[in-house]
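S.K.:
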Amino acid sequence: MSLASMTGFGRGEAVGHGIKVTVEFSSINRRQFECHLSLPRHLGALEANLYTLVQNGVRRGQVKGTVQISMAPGSAAAGGLHVDLARAEAQIAALRRAGKRLGLRDDLGITHLLSLPEAVTFDAQPDDPLKLWPLVQRAAGAALDALRRMRAREGGALARDLRRRFKALRVLRARAARRAARAPADYRDALARRLARLGECLPADSALLARELVVFADRTDVSEELTRLESHLDQAETLITGDAAAGRPLDFLCQELLREINTVGSKANDAPLAALVVAFKSQLEAVREQIQNVE
1076 MSLASMTGFG
1086 RGEAVGHGIK
1096 VTVEFSSINR
1106 RQFECHLSLP
1116 RHLGALEANL
1126 YTLVQNGVRR
1136 GQVKGTVQIS
1146 MAPGSAAAGG
1156 LHVDLARAEA
1166 QIAALRRAGK
1176 RLGLRDDLGI
1186 THLLSLPEAV
1196 TFDAQPDDPL
1206 KLWPLVQRAA
1216 GAALDALRRM
1226 RAREGGALAR
1236 DLRRRFKALR
1246 VLRARAARRA
1256 ARAPADYRDA
1266 LARRLARLGE
1276 CLPADSALLA
1286 RELVVFADRT
1296 DVSEELTRLE
1306 SHLDQAETLI
1316 TGDAAAGRPL
1326 DFLCQELLRE
1336 INTVGSKAND
1346 APLAALVVAF
1356 KSQLEAVREQ
1366 IQNVE
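Per our numbering, the sequence shown starts with residue 1076, numbered consecutively.
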């Protein structure tokens, strides 16, 4: 299993009792799990069951779900359908007033009656909404499966992009390690050149020069930070290829990567190393943006 995106859509249908239940789910990215459901009023007793079903199938992100009831094809005898005209007229009038105020086109048609709350009922529909739960559950299960498939496809694309970006971070870390190893020698040469310009000349084994180089090397040593950066990058690769939800752990690792590279930058007394730190942070910011879409 690869990464899963938090963006997706799924639709499912189920037919029974002379009616058709249609369930649609859409999801976007959020730090935690959120679920907002819209059901016909007479099915309100099923909301808790539906919420649990979604929660068991989606670990992170905001999910919006709608449940619609309509007459099943081929089962709609004229006497089996009842329209509450007063309720329908009031609801349509309210919709038209809102549409006029918002500048929306008035294209309400007879098919819109089926989506009006409690305006349309069917004789075949059970009085107890709990009896409809198996039908709603079947439609919701199909919609949830479709949602997860789409999130998985999106997640595959995210995983490929993240692997490419983490590879770039590894290259930058390796270049920073090589540059950090050369920095003391370059500093020694630069110090010798400055002394020469001042007319001073210290022997290569000068105790003063040696002491200055030891202090510089100690103050600018970033070997521990670079080791931890490599470890964090290894963990990120494991998360990307693993089965567990990776979004929040990856977000945490990015925070740790940023902390370590900031420490490298604060210790760096070397322009080329500082430039590598800037490049690393720029690439890391792109990674963090992508991770906001990972479940």
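The beta-carbon is built from N, C-alpha and C at its ideal position, and this holds for glycine as well.
Keep in mind the model is a prediction, meaning the values are calculated, not measured.
#1: Just the Cα atoms here: how many angstroms apart are Ala1217 and Arg1086?
#2: Which first and last residues belong to the beta strand (DSSP E) in which Val1035 is found?
#3: Please return the same chain residues whose Cβ sits closer than 8 Å to the Cβ of Trp1208, not counting the five positions on each side in sequence.
#4: Hey, could you find the ends of the alpha helix (DSSP H) Arg1334 is sitting in?
#5: According to DSSP, is Leu1078 part of a helix, a strand, or is it coil?
#6: Inspect the CB distances between the segment 1129–1139 and the segment 1108–1118 and report whether three or more fall short of 8 Å.
#7: My understanding is that Leu1183 touches Ile1167, with C-beta atoms under 8 Å, so please give their C-beta distance in whole angstroms.
#8: Three Cβ pairs or more, each shorter than 8 Å: is that satisfied between the segment 1293–1312 and the segment 1340–1351?
#9: Whose CA, out of Arg1254, Arg1239 and Ala1161, lies closest to the CA of Leu1308?
#10: Based on the DSSP output, what are the partners of Lys1095 in its beta bridges?
#11: Tell me whether Arg1235 is buried or exposed, calling it buried when 16 or more other Cβ atoms sit within 10 Å of its Cβ.
#12: Contact defined as beta carbons within less than 8 Å: I believe Leu1244 pairs with Leu1359. What is the distance between those atoms, to the nearest angstrom?
#13: Can you tell which of Val1096, Ala1343 and Val1353 has its C-alpha closest to the C-alpha of Met1146?
#14: What residue range does the alpha helix (DSSP H) around His1307 cover?
#15: Rounding to the nearest angstrom, what Cα-Cα distance links His1117 and Leu1205 in this structure?
#16: Could you check what DSSP says for Glu1109 in three-state terms: helix, strand or coil?
#17: Would you kindly check if the distance between the Cβ of Glu1335 and the Cβ of Arg1226 is under 9 Å?
#18: Could you please give me the residues that DSSP links to Phe1084 through a beta bridge?
M.R.: On the basis of the coordinates in this document:
#1: Ala1217 and Arg1086 have their C-alpha atoms roughly 7 Å apart.
#2: One cannot answer for residue 1035 here, as it falls past the ends of the chain, which runs 1076 to 1370.
#3: Within the same chain, Trp1208 has close Cβ partners Leu1121 and Asn1124.
#4: Counting along the chain, the unbroken alpha helix (DSSP H) around Arg1334 starts and ends at Gly1322 to Lys1342.
#5: Leu1078: coil per DSSP, three-state reduction.
#6: They touch, by the three-pair rule.
#7: The pair is a contact, with the Cβ atoms about 6 Å apart (cut-off 8 Å).
#8: Yes, the segment 1293–1312 touches the segment 1340–1351.
#9: Selected option, being the one with the closest Cα: Arg1239.
#10: According to DSSP, which records beta bridges pairwise, Lys1095 is partnered with Val1090 and Ser1145.
#11: Exposed is the call here.
#12: Contact holds; Cβ gap of about 7 Å.
#13: Ranking the options by Cα distance to Met1146, first place goes to Val1096.
#14: Boundaries of the alpha helix (DSSP H) around His1307: Ser1298 to Thr1316.
#15: Approximately 10 Å, taken between the alpha carbons.
#16: DSSP, reduced to helix, strand and coil, places Glu1109 within a strand of the structure shown.
#17: Cβ distance not < 9 Å, so Arg1226 and Glu1335 don't count as in contact.
#18: Bridge partners of Phe1084: Ser1101.
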